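Chemist:
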Amino acid sequence: GQSLEQPSEVTAVEGAIVQMNCTYQTSGFYGLSWYQQHDGGAPTFLSYNALDGLEETGRFSSFLSRSDSYGYLLLQELQMKDSASYFCAVENQGGKLIFGQGTELSVKP
Amino acid sequence: EAGVTQFPSHSVIEKGQTVTLRCDPISGHDNLYWYRRVMGKEIKFLLHFVKESKQDESGMPNNRFLAERTGGTYSTLKVQPAELEDSGVYFCASSQTGQAKNIQYFGAGTRLSVL
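Going down the list, the protein sequences come from chains A and B.
Just so you know, we're using my numbering here: the first sequence kicks off at 63 and counts up by one.
Just so you know, we're using my numbering here: the second sequence kicks off at 416 and counts up by one.
1) Would you mind sorting B/His463 into buried or exposed? The rule is 16 or more other CB atoms within 10 Å of its CB.
2) Pull out every residue of the stretch 134-148 of chain A whose Cβ sits closer than 8 Å to any Cβ of chain B, in chain order.
3) Check each residue of the stretch 448-459 of chain B: if its Cβ is closer than 9 Å to any Cβ of chain A, include it; give the result in chain order.
4) With burial defined as no fewer than 16 other Cβ atoms inside 10 Å of the residue's Cβ, what is the status of A/Val75: buried or exposed?
5) Let's test the definition: count the other Cβ atoms within 10 Å of the Cβ of A/Glu153 and tell me whether it reaches 16, buried, or not, exposed.
6) Using a Cβ cut-off of 8 Å, which residues of the stretch 455-484 of chain B contact any Cβ in chain A, in chain order?
7) Check the Cβ of A/Lys158 against every Cβ in chain B and list those closer than 8 Å, keeping chain order.
8) With a floor of 3 residues, list each beta strand (DSSP E) that falls wholly inside the stretch 119-158 of chain A, ordered by position along the chain.
9) Does DSSP classify A/Thr88 as helix, strand or coil?
10) Going by CA-CA distance only, name the one from A/Phe107, A/Leu94, A/Lys158 and A/Gln138 that's closest to A/Gly120.
11) Work out the CA separation of B/Leu461 and B/Met475 for me, nearest whole Å.
12) Along the stretch 83-107 of chain A, what residues have a CB closer than 8 Å to any CB found in chain B?
13) What does DSSP give as the partner residues of B/Asp471 in its beta bridges?
14) Apart from the five residues on each side of it in sequence, which residues of its chain come closer than 8 Å, Cβ to Cβ, to B/Gly443?
15) With DSSP as the reference, please indicate the residues paired to B/Lys430 in a beta bridge.
16) Between the beta-carbon of B/Leu458 and the beta-carbon of B/Tyr448, is there less than 8 Å?
17) Under 9 Å between beta-carbons, which chain A residues line up against B/Ser510? List them in chain order, please.
18) Give the straight-line distance between the Cα atoms of A/Ser145 and A/Leu108, rounded to the nearest whole angstrom.
19) Quick check: the stretch 92-104 of chain A against the stretch 515-523 of chain B, are there 3 or more CB pairs under 8 Å?
20) Which residues in the same chain have their Cβ closer than 7 Å to the Cβ of A/Ile160, if we skip the five residues on either side of it in sequence?
21) Between A/Gly164 and A/Ser147, which are expected to be in contact by the criterion C-beta below 8 Å, what is the C-beta distance as a whole number of angstroms?
22) Pull up the DSSP beta-bridge partners for A/Gly162, would you.
23) What three-state label does DSSP hand B/Asp439 in the structure shown?
24) Using DSSP bridges, identify the partner residues of A/Asn83.
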């Protein structure tokens, strides 16, 4: 089967750094994406890794190790508005995404 | 530029009825995907259109679900007859062909409740 594992919840304080992990087991792999979803909203693309290493976009960074089937999303200088669900997703053939169950991030003052 | 729009945002129907969900992708996006999130579970792939052609419908749960994308623009997903287990949030996403990063733009979803 195909599966992605993410911690269900993470809590952090404003201004801190938080890392959200994702391990995957899939039959095909083209890349690992991260999406953010606020309550009732559309999942929004954050980052994508096709190769090993770190990708940085502002306060967000994403890391991938294909040999370990592992990736993480790093958020720096946390803000209250970062409270949301974060999904990792493996890109499979044809571009379809296989999602994890998501990590709910709560940012406290 | 308008994003991906889905209609309706909510639908409440009784078991056995028919419901049709609509998705308008971003203009010019050839790829259109349907996904579904059932309560407490992960977002799951249903099917993928490239223009008007079904590229992959391996995620469609059964023959009560019918998706179309006539003319390669908007898409509809019909559930007939609806069952209780069809309740969930149905997402549509679109993307361009040939991009280096697989960025899919999602709509806000249709929340379907089957009673």
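Think of the CB as a built atom: it goes at the ideal place given N, C-alpha and C, for glycine as much as any other residue.
A quick note: this is a predicted structure, and the numbers were derived from the prediction, not measured.
Modeler: Quick answer:
1) buried
2) none
3) Tyr448, Tyr450, Arg452, Gly455, Lys456, Glu457, Ile458 and Lys459
4) exposed
5) buried
6) Lys456, Glu457, Ile458, Lys459, Phe460, His463, Gln470, Asp471 and Gly474
7) Tyr448, Phe460, His463, Asp471 and Gly474
8) 122-127, 132-137 and 146-153
9) coil
10) A/Gln138
11) 5 Å
12) Tyr92, Gly93, Ser95, Tyr97, Gly102, Gly103, Ala104, Pro105, Thr106 and Phe107
13) B/His463
14) Gln511
15) DSSP output for B/Lys430 lists no bridge partner at all.
16) Checking the sequence, you will find Ile at residue 458 of chain B rather than Leu. Not a contact, by the Cβ cut-off of 8 Å.
17) Gly157
18) 14 Å
19) yes
20) Gln64, Leu66, Thr88, Ala151, Val152 and Asn154
21) 4 Å
22) DSSP, once it has assigned bridges, lists no residue as partnering A/Gly162.
23) strand
24) A/Tyr134
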